[in-house]
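*Asks:*
Protein chains in written order, with my numbering: chain X, 395 to 772; chain H, 56 to 556.
1) Where does residue 60(H) fall in DSSP's three states?
2) Check for me: the beta strand (DSSP E) holding residue 578(X) runs from which residue to which?
3) Helix, strand or coil for residue 403(H) per DSSP?
4) Compare the beta carbon distance of residue 560(X) and residue 501(X) with 8 Å and say whether it is the shorter of the two.
5) How is the alpha helix (DSSP H) around residue 239(H) delimited, first residue to last?
6) Compare the C-beta of residue 501(H) with all C-beta atoms of chain X and state if any pair is closer than 8 Å.
7) For residue 414(X) versus residue 549(X), is the C-beta distance shorter than 8 Å?
8) Using a Cβ-Cβ distance under 8 Å, would residue 525(H) count as near chain X?
9) Report the option in 748(X), 593(X), 445(X) and 655(X) whose CA atom is closest to the CA atom of residue 350(X).
10) For a contact meaning CB atoms closer than 8 Å, what does residue 217(H) contact in chain X?
11) Threshold first: 3 residues or longer. Then list the beta strand (DSSP E) segments lying entirely within the segment 76-149 of chain H, N to C.
12) Find the residues of chain X that neighbour residue 198(H), judging by a C-beta separation of less than 8 Å, and give them in chain order.
13) Taking only the alpha-carbon atoms, compute the straight-line gap between residue 414(H) and residue 476(X) and give it to the nearest angstrom.
14) Evaluate contact between the segment 714-733 of chain X and the segment 637-646 of chain X, counting only Cβ atoms and requiring at least three cross-stretch pairs below 8 Å.
15) In whole angstroms, give me the CA-to-CA distance for residue 517(X) and residue 455(X).
16) Would you check if the segment 429-446 of chain X and the segment 479-486 of chain X touch, i.e. whether three or more CB-CB distances between them fall below 8 Å?
17) Using DSSP's beta-bridge definition, name the partner residues of residue 603(X).
18) Please report the straight-line C-alpha distance between residue 56(H) and residue 150(H), rounded to a whole angstrom.
19) Name the chain X residues that come within less than 7 Å of residue 211(H), Cβ to Cβ?
20) Is the separation between the beta-carbon of residue 85(H) and that of residue 123(H) shorter than 8 Å?
21) For residue 126(H), count neighbouring C-beta atoms within 10 Å of its own C-beta (all shown protein chains included) and say buried if the count is 16 or more, exposed if not.
22) Whose Cβ in chain X lies nearer than 8 Å to the Cβ of residue 441(H)?
23) Check whether the Cβ atoms of residue 542(X) and residue 469(X) lie closer than 8 Å to each other.
24) Ignoring anything shorter than 3 residues or poking outside the segment 360-420 of chain H, list the beta strand (DSSP E) runs there in chain order.
25) Look at the alpha carbon of residue 252(H) and the alpha carbon of residue 246(H), and state the distance between them as a whole number of angstroms.
26) Use the C-beta contact count for residue 463(X): other C-beta atoms within 10 angstroms, 16 or more gives buried, fewer gives exposed.
27) Quick one: list the residues of chain H neighbouring residue 614(X), beta-carbon separation under 7 Å, in chain order.
28) So what does DSSP say about residue 331(H), is it helix, strand or coil?
29) Measure from the C-beta of residue 696(X) to each C-beta in chain H and report whether the shortest distance is under 8 Å.
30) So with CB distances below 7 Å, who are the chain X contacts of residue 78(H)?
31) Out of 545(H), 397(H), 147(H) and 275(H), point me to the one whose CA is closest to residue 409(H)'s CA.
32) Going by alpha carbons, who is nearest to residue 492(H) out of 225(H), 240(H) and 174(H)?
33) Hey, residue 338(H) and residue 310(H): beta-carbon distance below 8 Å or not?
34) So residue 217(H) and residue 623(X) are supposed to be a Cβ contact under 8 Å. How far apart are they, rounded?
35) Could you give the residue range of the alpha helix (DSSP H) that holds residue 286(H)?
36) If you measure from the beta carbon of residue 154(H) to each beta carbon in chain X, is any gap under 8 Å?
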């Protein structure tokens, strides 16, 4: 899969355009639950996707291997598997590996071969590089230099399952009803190109970060060129990739808290910033001045997740839907309220957040009320 | 010596309509019409007509029509009339040919080969009448990242000085002396009212205009005219002028006739003396010298103002610009081949430099390749004619643009290219006190504000159509551009795809 770009976007257009259904569920107490409800919920929004992509991310997935990086890898050939496994042996210590269990599913045509590996970073890693940077570099190396292989999940105690089909078909194919996790996100895809490539489905993931995304980033050209300055090469031509790299830059490298990252991706309007009290005004003004190239413009809703955290965010004028539901320690994010109501009819709270206002669920932290959320940013 | 150059224009006067009021005679500063008292008739000296339309615009009975002199030469695709007449002029004068305004040659205008995008179906366009649409732009050096204390959420990064523009269009450098005080005042007031900047040019800042300092770029050019501590402190931005698109590598020459008492005072030179700006800045013979001047100006202004450096777009602009950013420039100004001038040798104006679109694209690309694009804002000038050009410039990578000719046209300029004569009939490019009164700053500033307001509305419509509601999301967004009628190499330099791809 050297030419990922061509596989993902055979027409070599600007970028892959897609619209979608998205769903997220998190138990902030950390209790694991099965995927049955999430599958039912995303299936309820069947018509928002067109069978060309579905996927899930599950956190708290591998408690037995919680301290090891879990690679989910798809292969188009056995040769690719042999090459990749020898690469993995050269660069990592493989604790355990196995075929990802699947079952024959109606509507799922010609799937790749799926394998998972639990690895430790070995002594090969130069000391001056962090574990995460080392891992990212190796994942990029596999994806760009070995043919017919794609690493689509590489975090700890989490995993991504995705492919070409409706989300409920993907769930059946990967037997997701048999897994447990404390945080699930799900995606049904409606691409306007027809790539039919399993790697092109959502969630998009690097390390333990995942993004599911409904929307089109009209600022893609600006964002991509901004990220290039920081060494990120956007090869997949999906706007979701831009979001993943922007998160990596802002959270991991620039150490900004998620509330402020949301203000970079979907900043307040200049007029609103001008009206804020001094400290906050200066903070948001500076962020917007410096990170203007990372403003995501155009219609979008994301559900971003990583270990212990789930974030819902829409564009500044909320051109794509997001509904939030709460029930006890459960937080739900969904394109449509109906999907939440289907699996949790009696909600404590349900609301539509303002454009650009992040909704953040964190492990071990009780859900703040709607009003508190609006005021989170000091 | 009798000139062989035939008149360029015909002045036709409808005898039925003409009432011999002599408005045309009084308005024409080139002496192309006169009153014949004996016959009670207004007559023409067509050889003097420059085609500025001042007479026709003010004729109360619309008796005048100015048309091209239809006199034809033997058809020749090699020797065009202009080539022949230029030779006659030089054979008659023995000097360099001087001219004004930007080049009138048919070099490609790349703006006209670039097309903008709009949203259809997959994402909604945004209606600027119903949704916020943001044009705010901040010029100045930006750091690579912001440091925030993760515990207290306190900002730990202090930005270098930033200048806020409400509209990404500024008024280009035109010196007092080249243009009149009334023009300066019109520009300054319009800039202040519209939240943008105007530029003094290299002739200093007239005492009465210091009150517009917050909206003023004060220029420091090779002649150092009118540069002193108060001047530097008055401005919002200090701009070092290295070169000008209309005359790269050439200095300036304000003839003594234009150095009136007020001009002399402002420029700090004796009245009636020629104001000569050397070709280079004589303290900048290399890039390390530029660093010294940049930091001298930063020291002089206590690091409170961005320092801008303006160069003409030339062949190796990208490498030069990179050096300028590393030398400490906070803003880089590129002035293109089609940029205008109050006076320049015609051979330079028409033959030196490169089109601004190509220079902009290559400089923006180079600065990004080197990871230093954020360290300086990029401003371009030279040939911006309308808001479509502005949007395309921003999509190619500019932070903002300067307009010179367009601003003068808003004031009434008819682009007759006589700026160097000092006889501007529209009262713009002159210091003749009788003529400068033809620009009323109350009306002039209103016309300029109207222009900027109109362009702002249009840019907002363009952005909304693309599904974007902030200008920074168009900046450098070349995916929103497509090329037509361009070669692969041109597309490659511009970094845009062919329409249809």
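Each residue gets a CB set at the ideal place from its N, CA and C atoms; glycine is no exception.
*Replies:* Let's see:
1) Indexing the second chain from 1 puts residue 60(H) at position 5. In the three-state reduction of the DSSP assignment, residue 60(H) falls in the coil class.
2) Counting from one through the first chain, the residue named residue 578(X) turns up at place 184. Here the beta strand (DSSP E) through residue 578(X) covers 577-585.
3) Here the question's residue 403(H) lines up with position 348 in the second chain. Reduced to three states, the DSSP call for residue 403(H) is helix.
4) Taking the first chain and counting its residues from 1, the one referred to as residue 560(X) is at position 166. Taking the first chain and counting its residues from 1, the one referred to as residue 501(X) is at position 107. Cβ atoms of residue 560(X) and residue 501(X): closer than 8 Å.
5) Taking the second chain and counting its residues from 1, one reaches residue 239(H) at position 184. Taken as a continuous stretch (DSSP letters only), the alpha helix (DSSP H) holding residue 239(H) covers 236-249.
6) By one-based count along the second chain, residue 501(H) stands at place 446. For residue 501(H), no Cβ of chain X is located within less than 8 Å of the residue's own Cβ.
7) Position 20 of the first chain, counted from the start, is the residue given in the question as residue 414(X). Position 155 of the first chain, counted from the start, is the residue given in the question as residue 549(X). The answer is no: Cβ separation not under 8 Å.
8) To locate residue 525(H), count along the second chain from 1; it is residue 470. Under the Cβ distance rule, residue 525(H) counts among the residues neighbouring chain X, one pair being separated by less than 8 Å.
9) Any property of residue 350(X) remains undetermined from this structure, which presents chain X solely from 395 to 772.
10) The count along the second chain starts at 1 and reaches residue 217(H) at position 162. Simply 683.
11) Taking only runs of at least 3 residues, the beta strand (DSSP E) segments lying wholly in the segment 76-149 of chain H are 88-91, 96-99 and 119-123.
12) Translated into positions along the second chain, residue 198(H) becomes position 143. Here the neighbours are 684.
13) Sequence index remark: in the second chain, residue 414(H) carries index 359 (1-based). Sequence index remark: in the first chain, residue 476(X) carries index 82 (1-based). Per the coordinates, the alpha-carbon of residue 414(H) lies some 50 Å from the alpha-carbon of residue 476(X).
14) The segment 714-733 of chain X, when compared against the segment 637-646 of chain X, does not touch it at the 8 Å Cβ threshold.
15) In the first chain, residue 517(X) corresponds to position 123, counting from 1. In the first chain, residue 455(X) corresponds to position 61, counting from 1. Distance between the alpha carbons of residue 517(X) and residue 455(X): 27 Å.
16) Contact fails: fewer than three Cβ-Cβ distances are below 8 Å.
17) Within the first chain, residue 603(X) is the residue found at index 209, counting from 1. According to DSSP, residue 603(X) bridges with 600(X).
18) Here residue 56(H) corresponds to residue number 1 of the second chain, with the count starting at 1. Here residue 150(H) corresponds to residue number 95 of the second chain, with the count starting at 1. Rounded to whole angstroms, residue 56(H) to residue 150(H) spans 14 Å at the Cα level.
19) As a position in the second chain, residue 211(H) is number 156, starting the count at 1. Near residue 211(H) there are no residues of chain X at all, since even the closest Cβ is about 10 Å away, more than 7 Å.
20) Along the second chain, read from residue 1 onward, the residue named residue 85(H) stands at position 30. Along the second chain, read from residue 1 onward, the residue named residue 123(H) stands at position 68. No, they are not a contact pair.
21) As a position in the second chain, residue 126(H) is number 71, starting the count at 1. Result: exposed.
22) Your numbering for residue 441(H) matches position 386 in the second chain. Within 8 Å Cβ-Cβ: nothing; residue 441(H) doesn't reach chain X, min ~22 Å.
23) Here residue 542(X) is taken as the residue at index 148 of the first chain, counted from 1. Here residue 469(X) is taken as the residue at index 75 of the first chain, counted from 1. Yes, Cβ-Cβ distance for residue 542(X) and residue 469(X) is below 8 Å.
24) Counting only runs of 3 or more, we get 362-367 and 386-390.
25) If you number the second chain from 1, residue 252(H) lands on position 197. If you number the second chain from 1, residue 246(H) lands on position 191. Between residue 252(H) and residue 246(H), the C-alpha separation is close to 5 Å.
26) Taking the first chain and counting its residues from 1, one reaches residue 463(X) at position 69. Burial state of residue 463(X) is buried, judged by a 10 Å Cβ sphere holding 16 or more other Cβ atoms.
27) Working through the first chain from its first residue, we reach residue 614(X) at position 220. The contacting residues are 534.
28) The sequence position of residue 331(H) within the second chain is 276, counting from 1. Three-state DSSP puts residue 331(H) in a strand.
29) Here residue 696(X) is taken as the residue at index 302 of the first chain, counted from 1. So, not an interface residue.
30) The residue given as residue 78(H) occupies position 23 in the second chain. Those do not exist, as residue 78(H) stays about 49 Å from chain X at its closest Cβ, beyond 7 Å.
31) Counting from 1 along the second chain, the entry for residue 409(H) is found at position 354. With distances taken between CA atoms, residue 409(H) lies nearest to 545(H) out of 545(H), 397(H), 147(H) and 275(H).
32) For the purposes of this step, residue 492(H) is identified with residue 437 of the second chain, where counting begins at 1. Comparing Cα-Cα distances from residue 492(H) to each of 225(H), 240(H) and 174(H), the minimum goes to 240(H).
33) The sequence position of residue 338(H) within the second chain is 283, counting from 1. The sequence position of residue 310(H) within the second chain is 255, counting from 1. In this structure, residue 338(H) keeps its C-beta atom at 8 Å or more from the C-beta atom of residue 310(H).
34) One-based indexing of the second chain puts residue 217(H) at position 162. One-based indexing of the first chain puts residue 623(X) at position 229. Incorrect: roughly 19 Å between the Cβ atoms, too far for contact.
35) Walking along the second chain from the start, residue 286(H) turns up at place 231. Per DSSP, residue 286(H) is one residue of the alpha helix (DSSP H) stretching across 284-289.
36) Residue 154(H) sits at position 99 when you count from the first residue of the second chain. Residue contact with chain X for residue 154(H): absent (no Cβ-Cβ distance below 8 Å to any residue of chain X).
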